[in-house]
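For what it's worth, our numbering labels the leading residue of the sequence shown as 1154, then goes sequentially.
In this text, a Cβ means the ideal position worked out from N, Cα and C, and glycines have one as well.
Keep in mind that this is a model prediction, so the values were computed, not measured.
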Amino acid sequence: MDYVIGIDIGTQSTKALLVDTSGAIVAQHSSAYHPDTPKPLWAEQWPSVWFDAVTACIAGVVAKARERGVAASDVKSLCVSSLYGGSGIPVDENMEPLYPCLIWMDRRATAEVDWVRENVDVKRLETITGNGIDSYYGFTKMLWLREHRPDVWQKTRYFLPPNAFVIQRLTGELAVDHSSAGNLGGVYDVARRAWSEEALGMLGIPASMMPQRLVESSDVVGGLLPQWADGLGLPAGTPIVAGGVDAAVATFAAGVTKAGHHVAMIGTSMCWGYINQTVDASHGLVSMPHVYNGRHDLYVFGGASTAGQCVAWYRDQFCQGEIAAAKTMPDGDPHRLLEEAASKVAAGSDGVVFLPYLMGERSPVWDARASGTFVGLSLFHTRATLYRAVLEGVAFALKHNMEAGRRGAQSLDDRLIVVGGAAHSDLWMQIIADVTGYPVLSIEQDVEAAMGAALLAALAVGLVAREVAEGGWVTLVERAQPDSERQRVYGERFGVYLDLYPALKGLMHRLRDV
């Protein structure tokens, strides 16, 4: 039997799956880490952390599969998906990193955003790229490096997305997939599916810093170099497939390949996206070529900077009692205790509303200086109230993006698929159904982007037909139906949510400036 490996480089961990050609999981392995946050609004990672995690995960799944009778020669390909790498990794002539990668979460380039707005034809840039201007985008982070680290800038040969960097190390071949190129924002011509010399010229970024070879996410970039073969347990020459941005790959894993399909990926951050053929930057969302049929289809998404990270922050800072109590439980999960208490709080959190802007906010707010806020607190409220308010706040951010997305989507299906860590929570799934008004489904298998990468790996070497790839390997299960009374409550609360940011924006900025 034939097998493939799917790898997903995430913000806080890398995961790998080894599956057969029907998508059945034979082995899994993961490796955890954390991004560096040396200053407020900074988030970066040394690429060696990612590479070491990828190689450990590949070796791990191969070893586990070998115990189950899978020979190394039975593994026909592997594919690498990754987090949006922001600026990309600045590398020198020898492909050695010169500086940490400024990842999607990093919002340090606020002055560079101002420079672009003052010195560049923004409307023209948006028309070319289909994307707006914000410190989220990679091109503004590149400009930060140019301004603040000229020593790095002068030595930089290329900027490489995380998956492209890892693949180059493994194969010796340099290529960037179209989804990663498009997500850089202001340097990619979305209509031509090519780097934009016009946009690069306006920004003062040398076109030579963009790798010349652009490929589809299902293209083979090269074969595994002999120097890695023994350590990974794979034959030299094993095909390695380009992959793409994790949100789009997770969306592909859920079988989202047609206009109207839409998925929310809620992990560290939140990305809600749909498939379209056209894009208009004025809607405030992000666009890139999809990882499937990318010459024709675009993946258009809205994103919250923090989603699951808000929950983790609240848990770690305010719920030490639950964390300690969970250590005596079989599953060791404090969220079970927190959700049990929060489920007893009425929809609307007894008048508390949370803005989940703990690292500024992406779409459709686009404000690096926005900040998180609890509004409506009284002596009546408890930690359970606030925990529920955090879950509701992220659901409101999701709906905010969905409302913006409806203005540009050809159509949206009458159901919402949710993938990522949030799908582990029955309470959160119900809140999302009640806030958005959509029946919520999730993937039965807990795999998402890694499974999408595996499917791309199989597609690339002809192990699955395109009609199989379009349906995906995963099974969707219904999780929650919206409740009409709770929908009414959340409709009123969502109006408050929308009004809070404009009312508080000036104060948020004053506090950030101080």
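Note to self: My output table needs one value for TRP1257: the three-state DSSP class, helix, strand or coil.
What the structure shows: Counted from its first residue, the sequence shown places residue 1257 at position 104. Correct three-state label for TRP1257: coil.
Item checked: ALA1494 to GLY1375 span [Cα, whole Å] -> In the sequence shown, counting from the first residue as 1, residue 1494 sits at position 341. In the sequence shown, counting from the first residue as 1, residue 1375 sits at position 222. One C-alpha to the other measures close to 52 Å.
Next item on the list: Hey, could you find the ends of the beta strand (DSSP E) MET1441 is sitting in?
Entry: Here residue 1441 is taken as the residue at index 288 of the sequence shown, counted from 1. Taken as a continuous stretch (DSSP letters only), the beta strand (DSSP E) holding MET1441 covers 1439–1442.
Notebook entry, point to check: Can you tell me where the alpha helix (DSSP H) with ILE1286 in it begins and where it stops?
Noted result: Here residue 1286 is taken as the residue at index 133 of the sequence shown, counted from 1. Segment: none, ILE1286 is in no alpha helix (DSSP H) and carries neither H nor E.
Note to self: One question on the structure: do ARG1639 and ALA1500 come within less than 8 Å of each other, judged by their Cβ atoms?
What the structure shows: Within the sequence shown, residue 1639 is the residue found at index 486, counting from 1. Within the sequence shown, residue 1500 is the residue found at index 347, counting from 1. Yes, these two residues count as a Cβ contact at 8 Å.
Margin query: Buried or exposed for ARG1221, going by 16 or more other Cβ atoms inside 10 Å?
Written below: The sequence position of residue 1221 within the sequence shown is 68, counting from 1. Flag for ARG1221 reads exposed.
Next item on the list: Please report the Cβ distance between VAL1402 and SER1175, rounded to the nearest whole angstrom; I am assuming they are in contact, meaning their Cβ atoms lie under 8 Å.
Entry: Counting from one through the sequence shown, the residue named residue 1402 turns up at place 249. Counting from one through the sequence shown, the residue named residue 1175 turns up at place 22. Contact flag wrong, Cβ pair sits at about 19 Å.
Margin query: Quick check on GLY1659: does DSSP put it in helix, strand or coil?
Written below: Here residue 1659 refers to the residue found at position 506 when the sequence shown is read from its first residue. Reduced to three states, the DSSP call for GLY1659 is helix.
Check: So what does LEU1356 bridge to, in DSSP terms?
Finding: Working through the sequence shown from its first residue, we reach residue 1356 at position 203. Answer is none; LEU1356 lacks a bridge partner.
Note to self: So if DSSP puts LYS1168 in a beta bridge, which residue, or which two residues, is it bridged to?
What the structure shows: The sequence position of residue 1168 within the sequence shown is 15, counting from 1. BP columns for LYS1168 point to ASP1161, SER1183.
Check: At a cut-off of 7 Å, is TYR1156 close to the ligand SAM when judged by its beta-carbon and the heavy atoms of the ligand?
Finding: Summarising the ligand content, the structure contains no ligands, and the ligand SAM is consequently not present.
Item checked: Three-state class that DSSP yields for ASP1520 in the structure shown -> One-based indexing of the sequence shown puts residue 1520 at position 367. ASP1520: strand per DSSP, three-state reduction.
Note to self: Cutting at 7 Å between CB atoms, please list the residues of its own chain near PRO1132, excluding the five before and the five after it.
What the structure shows: The chain is shown from 1154 up to 1667; residue 1132 falls before or after that span and cannot be answered.
Check: Given SER1226, which residues of its chain have a CB within under 8 Å of its CB, disregarding the five upstream and five downstream residues?
Finding: For the purposes of this step, residue 1226 is taken as the residue at position 73 of the sequence shown. Same-chain partners within the cutoff: PRO1388.
Next item on the list: May I ask you to report which of helix, strand or coil DSSP gives THR1538?
Entry: Looking up residue 1538 in the sequence shown gives position 385. The answer is helix: DSSP assigns THR1538 an H, G or I state.
Next item on the list: Could you tell me the boundaries of the alpha helix (DSSP H) in which ASP1604 lies?
Entry: Counting from one through the sequence shown, the residue named residue 1604 turns up at place 451. The sequence shown places Met at residue 1604, rather than the Asp named in the question. Run containing MET1604: 1602–1613, per the alpha helix (DSSP H) assignment.
Notebook entry, point to check: Taking C-beta to C-beta, are ILE1428 and ALA1412 nearer than 8 Å?
Noted result: For the purposes of this step, residue 1428 is taken as residue 275 along the sequence shown, with counting starting at 1. For the purposes of this step, residue 1412 is taken as residue 259 along the sequence shown, with counting starting at 1. Yes, the pair counts as a contact, with Cβ atoms nearer than the cut-off.
Notebook entry, point to check: Going by the CB atoms, is the gap between ALA1317 and SER1671 shorter than 8 Å?
Noted result: Outside the displayed range of the chain (1154 to 1667) lies residue 1671, so it cannot be described from this structure.
Check: Quick one, are the C-beta atoms of SER1230 and THR1410 less than 8 Å apart?
Finding: Here residue 1230 corresponds to residue number 77 of the sequence shown, with the count starting at 1. Here residue 1410 corresponds to residue number 257 of the sequence shown, with the count starting at 1. Against a cut-off of 8 Å, the Cβ pair of THR1410 and SER1230 comes out as no contact.
Note to self: Can you look up ALA1457 in the DSSP assignment and give me helix, strand or coil?
What the structure shows: Locating residue 1457 in the sequence shown gives position 304, counting from the first residue. In the structure shown, ALA1457 sits in a strand (DSSP, three-state: E or B).
Notebook entry, point to check: Around the Cβ of HIS1182, are there at least 16 other Cβ atoms within 10 angstroms (buried) or fewer (exposed)?
Noted result: On the sequence shown, residue 1182 is found 29 positions in, with the first residue counted as 1. So HIS1182 ends up on the buried side.
Notebook entry, point to check: What are the residues that DSSP puts in a beta bridge with PHE1527?
Noted result: What you label residue 1527 is simply residue 374 of the sequence shown in a count that begins at 1. Answer by DSSP bridge pairing, in chain order: PHE1507.
Check: Which residue or residues does DSSP assign as beta-bridge partners of ILE1320?
Finding: Counting from one through the sequence shown, the residue named residue 1320 turns up at place 167. ILE1320 pairs with nothing; no bridge assigned.
Next item on the list: Pick helix, strand or coil for HIS1577, following the three-state DSSP scheme.
Entry: Walking along the sequence shown from the start, residue 1577 turns up at place 424. Here HIS1577 sits in helix by DSSP.
Checklist line | At least 3 beta-carbon pairs within less than 8 Å: the stretch 1200–1216 vs the stretch 1259–1270 | finding: no
Margin query: Can you look up PHE1471 in the DSSP assignment and give me helix, strand or coil?
Written below: As a working note, residue 1471 is residue 318 in the sequence shown. Residue state, collapsed to three classes: helix.
Check: Per DSSP, what kind of secondary structure is SER1332 in: helix, strand or coil?
Finding: Position 179 of the sequence shown, counted from the first residue, corresponds to residue 1332. Helix at SER1332.
Checklist line | Beta-carbon gap between LEU1653 and GLY1625 smaller than 8 Å | finding: Position 500 of the sequence shown holds residue 1653. Position 472 of the sequence shown holds residue 1625. Taking 8 Å as the Cβ cut-off, LEU1653 and GLY1625 do not qualify as a contacting pair.
Margin query: Does LYS1497 pass the burial test, meaning 16 or more other C-beta atoms within 10 Å, or should it be called exposed?
Written below: Counted from its first residue, the sequence shown places residue 1497 at position 344. When all chains shown are included, LYS1497 counts as exposed.
Notebook entry, point to check: Is LYS1229 helix, strand or coil when you go by DSSP?
Noted result: Here residue 1229 is taken as the residue at index 76 of the sequence shown, counted from 1. Note: LYS1229 maps to strand in three-state DSSP.
Checklist line | Of the listed residues ALA1417, GLU1620, HIS1436, nearest to THR1120 (C-alpha basis) | finding: Since the first residue of the chain shown is 1154 and the last is 1667, residue 1120 is not available in this structure.
Next item on the list: For GLY1338, count neighbouring C-beta atoms within 10 Å of its own C-beta (all shown protein chains included) and say buried if the count is 16 or more, exposed if not.
Entry: Numbered from 1 along the sequence shown, position 185 holds the residue referred to as residue 1338. Buried, because 16 or more other Cβ atoms sit within 10 Å of the Cβ of GLY1338.
Next item on the list: Along the beta strand (DSSP E) that carries ARG1302, what are the first and last residues, could you check?
Entry: Here residue 1302 is taken as the residue at index 149 of the sequence shown, counted from 1. Counting along the chain, ARG1302 falls outside any beta strand (DSSP E), and DSSP gives it neither H nor E.
Next item on the list: Indicate the three-state DSSP secondary structure (helix, strand or coil) for ASN1446 in the structure shown.
Entry: Residue numbering aside, residue 1446 sits at position 293 when the sequence shown is read from its first letter. ASN1446 falls in the coil class under three-state DSSP.
Margin query: Under DSSP, the alpha helix (DSSP H) around HIS1488 begins and ends at which residues?
Written below: Here the question's residue 1488 lines up with position 335 in the sequence shown. Taken as a continuous stretch (DSSP letters only), the alpha helix (DSSP H) holding HIS1488 covers 1487–1495.
Margin query: Taking a contact to mean a Cβ-Cβ separation below 8 Å, would you say ASP1259 touches TRP1519 in this structure?
Written below: Within the sequence shown, the letter at position 106 stands for residue 1259. Within the sequence shown, the letter at position 366 stands for residue 1519. No, the Cβ-Cβ distance between ASP1259 and TRP1519 is not below 8 Å.
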